[in-house]
Every structure is written in structure tokens, then in C-alpha cells.
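Going by this note's numbering, the first residue of the sequence shown is number -17, and it counts up by one from there. I have placed the structure first, in the form of C-alpha cells, so that the comments after it can refer back to it.
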Amino acid sequence: MIAAFLLFVGASPSLAETRIIVAYGDSLMAGYQLKPGEGFAPQLEKALKAKGHSVRVVSGAVSGDTTAAGKARMAWVLGGLKAKPDLVILGLGANDMLRGLPPAQARANLDAMITDFKKRGSKVLVAGMLAAPNMGKAYAAEFNGMYPALAKKHAVPLYPFFMKGVVANKALLLGDGMHPNLKGVSVIVQGILPSVEAALR
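So this is what it looks like as C-alpha cells:
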């Protein structure tokens, strides 16, 4: 997946007028257990093109990634780029929460990633997550609060909850009750679409 990502963004000059968007996240963005063309990146690209945008949405999402893993692979991924992404949709943190990792650690990793993407000249749209109820009120308050705090700190747009409209609807989830199915991804795309369009302006 990463190799394909690098090959695309370093591709021919004929793509110069096409806006490049990178979906940088975990399995929620990676199209976990979905067929090619059914995941977040291809569905978002199709939706944007239907609205007249000349874009290519590239999946830089890796299943299982924590914020630390995302941060660790950034230097390698960005170092291999021959063309910068116009926009990065940053959606990491769910696996940190599921593993009970300290929100302060996740916040520091996201902070560093936003800084690095901006230094490369890419706009950033933060796609937030919400802690599961069983994590407790104190954990949830710290975890949930880090996304708006980081968006404010870096003056970047925030889509508060990537799984909005999907997380509590079994009809929109795979059998594991966690990952979006084809219809669930469509709901996510329609929800985040206005924020993506605004970020591209």
C-alpha cells in the first residue's frame, strides 16, 4: 500500500493540476475487509469528482496503526515524495484508545505529525475520534479533548468525529461491530465531504 502511495505521488507531471489528498489513518480509513474501490479513499475521490473537483485521494492508511506508528512511518513516507499532498486528512488515535495508551502520548504524536505535514506545505484536516464509554470519564475527557485542542493550536480545520452516524448503527458496520462496511463508509464520506471541500479552498 505504501509503495503504491509513493509511486503515485511521484508520478508523471501530467497529474500536476490534480489536487492530491492523502487519507492518513488506520483500519477505519484503510477499507478493512472491503473490496478494492469500497474504502474511504476511493469513495471520497468519487464523491469529490462528482462535485466537479479534480482530485486524487490516496490511501496512506495502515490497519492497526497507533499514533506512534503513524508518526514513525511519516519520515520515510514523506521523504520519498516527489510531490507534496495538497491536503492530508489525519485520522489516527482509535487504536491508542482501544489499547488504553495515555492520551498525552497520542496528543504529542498527533502534534508532531500536524507540524511535519504543515512544514511540507500540506494543509491538514484533523479527523477526530471519541473514546469508548468503557474507557471511563477521565480518559474520555482527555482523549476527546485533544483533537479540538490540536486543531486550535495549529489553526487547522477539525471534523470532530470520523465515525459520526456510523458507530452506533449495526447496519453500517462489519460483523466485528467496529469497522464500517460499504454503506458505513459512504455515510462517513458524505459527513466529512463539506469539511474536505472547505479545506481544499
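For glycine and all other residues, C-beta sits at the position ideal for the given N, C-alpha and C. Nothing here was measured: the structure is a model prediction, and the numbers come from that model.
> Just curious, the alpha helix (DSSP H) that Leu6 is in, first and last residue?
Replying inline: For this step, residue 6 is matched to residue 24 along the sequence shown. It should be pointed out that residue 6 corresponds to Tyr in this sequence rather than to Leu. No alpha helix (DSSP H) holds Tyr6; the beta strand (DSSP E) holding it covers 1 to 7.
> Can you tell me the Cα-Cα spacing of Asp68 and Asp47, whole angstroms?
Replying inline: For the purposes of this step, residue 68 is identified with residue 86 of the sequence shown, where counting begins at 1. For the purposes of this step, residue 47 is identified with residue 65 of the sequence shown, where counting begins at 1. Their Cα atoms are separated by approximately 23 Å.
> What is the DSSP secondary structure of Ala12, reduced to helix, strand or coil?
Replying inline: Residue 12 sits at position 30 when you count from the first residue of the sequence shown. Helix at Ala12.
> According to the neighbour-count rule (16 or more other Cβ atoms, all chains shown, within 10 Å of its Cβ), is Arg38 buried or exposed?
Replying inline: For the purposes of this step, residue 38 is taken as the residue at position 56 of the sequence shown. Burial call: buried.
> How long is the line joining the alpha carbons of Leu26 and Leu175, rounded to whole angstroms?
Replying inline: As a first step, residue 26 is located in the sequence shown; it is residue number 44 there, counting from the start. As a first step, residue 175 is located in the sequence shown; it is residue number 193 there, counting from the start. Roughly 7 Å separates the two Cα atoms.
> Would you call Arg89 buried or exposed, if buried means 16 or more other Cβ atoms sit within 10 Å of its Cβ?
Replying inline: Numbered from 1 along the sequence shown, position 107 holds the residue referred to as residue 89. Buried, since its Cβ has 16 or more Cβ neighbours within 10 Å.
>> Out of Pro84, Tyr14, Gly61, Phe22, which one is the CA nearest neighbour of Phe125?
In response: Position 143 of the sequence shown, counted from the first residue, corresponds to residue 125. That would be Pro84, whose Cα lies nearest to the Cα of Phe125.
> Tyr141 and Leu107 look like a contact to me (Cβ under 8 Å); what is the Cβ gap, rounded to whole Å?
Replying inline: Looking up residue 141 in the sequence shown gives position 159. Looking up residue 107 in the sequence shown gives position 125. Confirmed, Cβ separation roughly 6 Å.
> Just reading off the alpha helix (DSSP H) that Gly34 is part of, what are its end residues?
Replying inline: Here the question's residue 34 lines up with position 52 in the sequence shown. That residue, Gly34, is in no alpha helix (DSSP H); it is neither H nor E in DSSP.
> For the 8 Å Cβ check, are there 3 or more pairs between the stretch 87 to 104 and the stretch 29 to 36?
Replying inline: no
>> Once the 5 residues before and after Ser(-4) are set aside, which same chain residues still bring their CB inside 7 Å of it?
In response: As a working note, residue -4 is residue 14 in the sequence shown. Low local confidence applies: a pLDDT of 45 at Ser(-4) is under 50, so the model's placement there is unreliable, with the coordinate-based value given in what follows. Here the set comprises nothing.
> Excluding the five sequence neighbours on either side, which residues of its own chain have a C-beta within less than 6 Å of the C-beta of Tyr14, listed in chain order?
Replying inline: Translated into positions along the sequence shown, residue 14 becomes position 32. Excluding sequence neighbours, Tyr14 sits near Ser45, His161.
>> Just verifying my parser: in three-state terms, what is the DSSP assignment at Ser45?
In response: As a working note, residue 45 is residue 63 in the sequence shown. Correct three-state label for Ser45: coil.
> By DSSP, does Leu69 sit in helix, in strand, or in coil?
Replying inline: To locate residue 69, count along the sequence shown from 1; it is residue 87. Strand at Leu69.
> For the candidate residues Gly166, Glu20, Leu30, whose alpha-carbon lies nearest to that of Ala181?
Replying inline: Within the sequence shown, the letter at position 199 stands for residue 181. For the residues Gly166, Glu20, Leu30, the minimum Cα distance to Ala181 belongs to Leu30.
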